[in-house]
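Reviewing the structure listed below.
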Amino acid sequence: MSPRAQRRSICAIVILWLIACPRFAPADEASDQRIAWWRDAKFGLFIHFGVYSILKRGEWVQWNEQIPVSEYAKLADQFNPELFDPPAWAQAAKDAGMKYVVLTSRHHDGFALFNDPQSDFTSVKSAFKRDIVAEYVKAVRAAGLRVGLYYSPLDWRFPGFFFPDLYRDSAIAMRDQYLRQVKLLTTNYGKIDILWFDGGGVDWLGFNGVTFNGGWHARPAGKHYSGGFSWQDDRMYAQLRQDQPDVIIDNRTDAPADFYTREGDGALGNFDNQQPWELCTTLAGAWGYQANAKVKPLDQCIRLLVKVVGRGGNLLLNVGPRPDGVIDPPQVQRLHEIGDWLNANGQSIYATCAGPFLPGHFGVSTYHRNTIYVHILNPEGTTLGLPPLPAKVVQCRQLDGQKATCDQSEQGLKLTFTPDVKGLDTIILLQLDQNAAGIRPIPPSNDSN
Ligand code: FHN
């Protein structure tokens, strides 16, 4: 990014900060209240599980390999995760220091992990004969974690998804299923804290493409679907708010979102404390189970979590259990290691706000009331220069107990610290004489870049 563009983006952030309250400009008070627990939670477990797990080639295997719907449907007769142990899933999340879990209740292939009397393609009518969502919800709640359900309105079994105007009856049947199944999920399983929609909204219709004279091409960026079909998200949303008034939803339908999604390690993006957002990504490079998935290194996981939280977001980290229902042990081990780090350093993550030092080459910062946590991710030696801070630093210490000092002057702060031997994150606490929420964003100076 050119220095001019960087200045522009920093100015935009500063303006946003000036307009907004120190933490979030409430999109609306009700949404801000609904999502308060989620903003403090910071970290959740995503679970992609379904009949696709049997084939061990990810959750898009049906589309990627163009498996006919009738062929693919036979997988339900093989679906029998005999080691399915939802308390173990919940414990893995808890051991990781995660505060919520989001399970795919139905992905694009149409296989529902819950009971739907009007669908034969469900876990209840499969060889497994059990309502996975019911057992999952019970276990996650019992573990004291918040309950999330992923749901994909689109369903590859309906030609009306691909050609909503040509196969209008099929598209309407798909919408009827959407409205019916959301009703089932929000009335049959008690309190649901998060509904994570995926593959909804008009822009997914037609596979994000547009047909013309019998042809098809990708819809030009920014050009929305303009056909005659509607998901009727307003109907879904009215029903949702009635059945689960406190549930929070993401921005992947056309209904009002409580939080926004970024997807993949590469989508870390910019600092944004104006709208609640979450980065979802995989722990092992795959959403649905893939036999050759390699778990990401611990430092990559922890540093991503710190970078996300230091930009104002939450991290939703995904596992895809094996066909037998077990999360691969190396992934469970990694989750435990992340939890060990959060046990020691969680106060610099949970219930914090991003800033006031904006992200820079040095790393990021977070704060909680009158304590700033400077996360030094890329130490250069044992000192770090930070721009002037419009508050008095009354105490400076290193979270791991190692020696750290802070020299404050009108020119800025000079931190002297002991780099984290594991090279993960050196966290310096700066105790202020006031609440950090009143401090405007502080762009990185050259020293701290
Ligand atoms: O197509 C899906 C994909 O399979 C996966 O579920 C991700 C997770 O966010 N969402 C969609 C791709 O954006």
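Residue 303 in numbering that gives the first Met the number 0 sits at position 304 of the sequence shown, with consecutive numbering throughout. A virtual CB, placed ideally from N, CA and C, is assigned to each residue, including glycine.
Just to confirm before moving on: does the CB-CB distance between residue i and residue j stay below 8 Å?
| i | j | result |
| --- | --- | --- |
| Ala75 | Ser118 | no |
| Ile46 | Pro219 | no |
| Tyr188 | Val136 | yes |
| Ile326 | Ala91 | yes |
| Pro152 | Tyr177 | yes |
| Asp154 | Trp195 | no |
| Cys352 | Ala436 | yes |
| Thr417 | Gln401 | yes |
| Gly268 | Arg310 | yes |
| Thr185 | Leu239 | yes |
| Gly43 | Val101 | yes |
| Val305 | His374 | yes |
| Gly287 | Gly49 | yes |
| Leu428 | Cys395 | yes |
| Ser104 | Tyr150 | yes |
| Arg56 | Gln330 | no |
| Arg167 | Phe206 | no |
| Pro355 | Tyr372 | no |
| Asp245 | Arg33 | yes |
Going by DSSP, name the residue or residues bridged to residue i.
| i | result |
| --- | --- |
| Val146 | Val100 |
| Asp406 | Lys413 |
| Thr365 | Ala353, Tyr372 |
| Gly384 | Lys413 |
| Gln397 | Ile427 |
| Ile46 | Leu102, Val318 |
| Tyr259 | Trp276 |
| Phe196 | Tyr150 |
| Val209 | His216 |
| Val392 | Leu431 |
| Gln241 | Its beta-bridge partners do not exist; DSSP assigns none. |
| Gly359 | Gly362 |
| Gln289 | Arg56 |
Classify residue i as buried or exposed, calling it buried when 16 or more other Cβ atoms lie within 10 Å of its own Cβ.
| i | result |
| --- | --- |
| Val420 | exposed |
| Ala217 | exposed |
| Trp62 | exposed |
| Ala95 | buried |
| Lys93 | buried |
| His223 | exposed |
| Ser69 | exposed |
| Ala141 | exposed |
| Gly200 | buried |
| Ala266 | exposed |
| Arg317 | For the record, residue 317 in the displayed sequence is Asn; it is not Arg. The residue in question, Asn317, is buried, as its Cβ has 16 or more Cβ neighbours within 10 Å. |
| Asp339 | exposed |
| Pro163 | buried |
| Leu165 | exposed |
| Trp203 | buried |
| Asn291 | exposed |
Output the distance between the C-alpha atoms of residue i and residue j, rounded to the nearest integer angstrom.
| i | j | result |
| --- | --- | --- |
| Cys20 | Leu398 | For Cys20, the pLDDT reaches just 38, beneath the cut-off of 50, and the residue's location in the model is therefore unreliable, although a value from the coordinates is still provided. Their backbone Cα atoms lie some 28 Å apart in a straight line. |
| Ala432 | Pro443 | Rather than Ala, the amino acid found at residue 432 in this sequence is Asp. For Asp432 and Pro443, the distance between alpha carbons rounds to 22 Å. |
| Ile53 | Ala285 | 14 Å |
| Arg145 | Thr281 | 20 Å |
| Arg302 | Gly362 | 9 Å |
| Ile247 | Asp257 | 6 Å |
| Ser408 | Pro387 | 7 Å |
| Tyr349 | Val307 | 12 Å |
| Gln430 | Ala403 | 13 Å |
| Asp84 | Glu58 | 21 Å |
| Ser169 | Phe160 | 8 Å |
| Glu64 | Leu414 | 55 Å |
| Ile337 | Ile131 | 27 Å |
| Phe23 | Ala29 | Its pLDDT being 47, under 50, Phe23 is placed unreliably by the model, and nothing is read from it. |
| Pro67 | Ala133 | 29 Å |
| Gln77 | Pro358 | 49 Å |
| Ala138 | Ala87 | 9 Å |
| Leu278 | Lys41 | 10 Å |
| Pro440 | Gln273 | 12 Å |
| Asp242 | Lys182 | 8 Å |
| Lys128 | Ser122 | 6 Å |
| Lys190 | Tyr51 | 28 Å |
| Asn434 | Phe211 | 58 Å |
| Asp253 | Asp232 | 6 Å |
| Gly312 | Gly324 | 30 Å |
| Arg494 | Phe120 | Residue coverage of the chain in this structure runs from 0 to 448, which leaves residue 494 outside it and unanswerable. |
| Ala172 | Arg251 | 20 Å |
| Glu379 | Gln299 | 19 Å |
| Asp175 | Gly221 | 28 Å |
| Trp37 | Pro275 | 9 Å |
| Thr260 | Leu315 | 10 Å |
| Gln410 | Ile426 | 22 Å |
Within the 8 Å Cβ cut-off, does residue i reach chain D?
| i | result |
| --- | --- |
| Ala91 | Of the chains in the structure shown, none is chain D; there is only one protein chain. |
Is residue i a contact residue of the ligand GTP, with contact defined as CB to any heavy atom under 7 Å?
| i | result |
| --- | --- |
| Glu262 | Questions concerning the ligand GTP fall outside what the structure shown contains, since the ligands it does hold are the ligand FHN. |
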